[in-house]
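Below: the structure, in structure tokens.
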Amino acid sequence: MLTSISIDSSGFANKAEVILSPNFDNRPNKSNISLIVIHNISLPPGIYGGDNIIDLFTNKLNPDNHEYFKSISNLKVSSHFLIRRSGSLIQFVSCLDRAWHAGESSWNQENNCNDFSIGIELEGSDYDAFEPEQYRCLQELIQSIVNHYPIQGIAGHSDIAPSRKTDPGPFFEWDKIKSLFQDLIYKN
Ligand SMILES: [Zn+2]
85 MLTSISIDSS GFANKAEVIL SPNFDNRPNK SNISLIVIHN ISLPPGIYGG
135 DNIIDLFTNK LNPDNHEYFK SISNLKVSSH FLIRRSGSLI QFVSCLDRAW
185 HAGESSWNQE NNCNDFSIGI ELEGSDYDAF EPEQYRCLQE LIQSIVNHYP
235 IQGIAGHSDI APSRKTDPGP FFEWDKIKSL FQDLIYKN
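Start counting the sequence shown at 85; every next residue gets the next number (the numbering used here).
Here's what the structure looks like:
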């Protein structure tokens, strides 16, 4: 059932729309891809649709378009994947490269989670339920990643940077993931 996405040898998902971000660099150890990090994002916060998330990840966000953008438009950030409200999948960085999504963080006594993780952003917020189509895409995507890399665990951004981050937030239904991937570690 969960096999319709696959990752190719260059680290890209066959079903993703690819919009390359310049915000990445080399992983210190390409063979250590052991963690999936789940996030939520919406720009402006709580507003869905449009291209603002894409613009942020490609350094094109116009600070004049919204007051909130002035504080973030200079950030150099990215994620490997974004799952939109419709369930459509966008990929910004090859899984083999290091995307810049986690910031200062630690998991399983290792710091700098960007080094060894794959970041998945769900278009959403801490205040809204996610869409069923997003869970379906996320389940397929995780299955494809687990098939391809030595993933040991799945964490929320709030698990690996608890003093700074709250995403994916209280509406994220962990059971929809845990029930399918029972062998993975979910605690930090
Ligand atoms: Zn996050």
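Yeah, the Cβ is synthetic: ideal placement off N, Cα and C, and Gly gets one too.
Discussion item. Is Ile125 close to ligand 1? I mean its beta-carbon at under 8 angstroms from any heavy atom of the ligand.
Written reply: As a working note, residue 125 is residue 41 in the sequence shown. Flag set: Cβ of Ile125 near ligand 1.
Discussion item. Need the endpoints of the beta strand (DSSP E) that His123 sits in, please.
Written reply: As a position in the sequence shown, residue 123 is number 39, starting the count at 1. Secondary structure note for His123: its beta strand (DSSP E) is the uninterrupted segment 119-125.
Fill in: Any beta strand (DSSP E) of 3 or more consecutive residues that is wholly inside the segment 181-221
Fully enclosed beta strand (DSSP E) runs of 3 or longer: 181-183, 201-207.
Worksheet item: In three-state DSSP terms, what is Gln175?
Response: Here residue 175 refers to the residue found at position 91 when the sequence shown is read from its first residue. Of the three classes helix, strand and coil, the one that applies to Gln175 here is strand, per DSSP.
Worksheet item: Taking the C-alpha atoms as reference points, what is the distance between Leu268 and Ser93?
Response: Working through the sequence shown from its first residue, we reach residue 268 at position 184. Working through the sequence shown from its first residue, we reach residue 93 at position 9. Their backbone Cα atoms lie some 23 angstroms apart in a straight line.
Item to complete: Could you spell out the range, first to last residue, of the beta strand (DSSP E) harbouring Ile137?
Response: The residue you call residue 137 lines up with position 53 of the sequence shown. Here Ile137 belongs to no beta strand (DSSP E); instead the alpha helix (DSSP H) covers 136-141.
Discussion item. Measuring alpha carbon to alpha carbon, tell me which residue in Ile122, Pro106, Phe108, Phe200 is nearest Phe255.
Written reply: Along the sequence shown, read from residue 1 onward, the residue named residue 255 stands at position 171. The shortest Cα separation from Phe255 among Ile122, Pro106, Phe108, Phe200 belongs to Ile122.
Worksheet entry | Residues that DSSP places opposite Asn107 in a beta bridge | Translated into positions along the sequence shown, residue 107 becomes position 23. Answer by DSSP bridge pairing: none, since Asn107 is not bridged.
Worksheet entry | Boundaries (first-last residue) of the alpha helix (DSSP H) holding Ile89 | If you number the sequence shown from 1, residue 89 lands on position 5. Unbroken run through Ile89: none, as it is neither H nor E.
Worksheet item: So Gln175 packs on Phe96, CB below 8 angstroms; how close in whole Å?
Response: Looking up residue 175 in the sequence shown gives position 91. Looking up residue 96 in the sequence shown gives position 12. In this structure Gln175 touches Phe96 by the C-beta definition: roughly 6 angstroms separates them, less than 8 angstroms.
Item to complete: Quick one: residues in its chain with C-beta nearer than 7 angstroms to the C-beta of Val102, no 5 flanking neighbours on either side, listed in chain order?
Response: The residue you call residue 102 lines up with position 18 of the sequence shown. These residues qualify, in order along the chain: Phe96, Gln175.
Item to complete: Buried or exposed for Leu222, please, with buried defined as at least 16 other CB atoms from any protein chain shown within 10 angstroms of its CB.
Response: Here residue 222 is taken as the residue at index 138 of the sequence shown, counted from 1. Buried is the call here.
Item to complete: May I ask you to verify whether the segment 113-121 touches the segment 206-219, counting CB pairs closer than 8 angstroms and requiring at least 3?
Response: The answer is no - the segment 206-219 does not touch the segment 113-121, with fewer than three Cβ pairs under 8 angstroms.
Worksheet item: In terms of alpha-carbon separation, which member of Pro234, Asn143, Ile226, Gln193 lies closest to Ser162?
Response: Walking along the sequence shown from the start, residue 162 turns up at place 78. Closest by alpha carbon: Asn143.
Item to complete: Please classify Ala183: is it buried, with 16 or more other beta-carbons within 10 angstroms of its beta-carbon, or exposed?
Response: On the sequence shown, position 99 is the one that residue 183 refers to. For Ala183, the number of other beta carbons within 10 angstroms of its own is at least 16, and it is reported as buried.
Worksheet entry | Helix, strand or coil at Ile156 [DSSP, three-state] | Indexing the sequence shown from 1 puts residue 156 at position 72. Three-state result, Ile156: coil.
Item to complete: Determine the burial state of Ala245: buried for a count of at least 16 other Cβ atoms within 10 Å of its Cβ, exposed for fewer.
Response: For this step, residue 245 is matched to residue 161 along the sequence shown. With a threshold of 16 other beta carbon atoms within 10 Å, Ala245 meets it and is buried.
Item to complete: Give the range of the beta strand (DSSP E) segment to which Ile167 is assigned.
Response: The residue labelled residue 167 in the question sits at position 83 within the sequence shown. Start and end: 165-167.
Worksheet item: Can you name the start and end residues of the alpha helix (DSSP H) that Ile261 belongs to?
Response: The residue given as residue 261 occupies position 177 in the sequence shown. Here the alpha helix (DSSP H) through Ile261 covers 259-262.
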